[in-house]
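First up is the structure itself, then whatever we jot down about it.
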Amino acid sequence: MSQSIDVRYAQLFLDDEIIEQTVRLQRVVHQPHKHHANPIYTVGAPWEGTGVVYLAGVYIDPLDDIWKAWYATLYPPAYPEIIYAVCMLTSEDGIHWERPELD
Numbered sequence: 001m002s003q004s005i006d007v008r009y010a011q012l013f014l015d016d017e018i019i020e021q022t023v024r025l026q027r028v029v030h031q032p033h034k035h036h037a038n039p040i041y042t043v044g045a046p047w048e049g050t051g052v053v054y055l056a057g058v059y060i061d062p063l064d065d066i067w068k069a070w071y072a073t074l075y076p077p078a079y080p081e082i083i084y085a086v087c088m089l090t091s092e093d094g095i096h097w098e099r100p101e102l103d
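Numbering (the UniProt record's numbering), first residue to last: 1 to 103.
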């Protein structure tokens, strides 16, 4: 291991990069499946244009204790002077998303 890992936070174990030793452990990767409410987000705001071109990340903000997603859109038709817009979504449960009013 070349760097220290803060073990206070959850880790995704897809490989053995941060695992030093295992005993009676088997890695099982399950087949992903779509949530029944898919799509859980759809384009709808004037600044979103035809859709999301880049999803920067989805995480739970520890300060607000809510889900946040950051994404970018290109050439929103409602704003011809803008090449791209960086946008944010928020969610209480990670399934139902809202567009907050930003300054």
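The beta carbon of each residue, even a glycine, is placed where N, CA and C say it ideally should be.
| query | result |
| --- | --- |
| Assigned exposure category for Thr73 - 16 Cβ within 10 Å defines buried | buried |
| Reduced DSSP category for Glu98 - H, G, I as helix; E, B as strand; rest coil | strand |
| Where Tyr59 falls, given that 16 or more other Cβ within 10 Å makes a residue buried | exposed |
| Residue from Pro46, Val7, His36, Asp93 with nearest C-alpha to Trp67 | Asp93 |
| Straight-line gap, Val7 to Glu20 (C-alpha atoms, nearest Å) | 13 Å |
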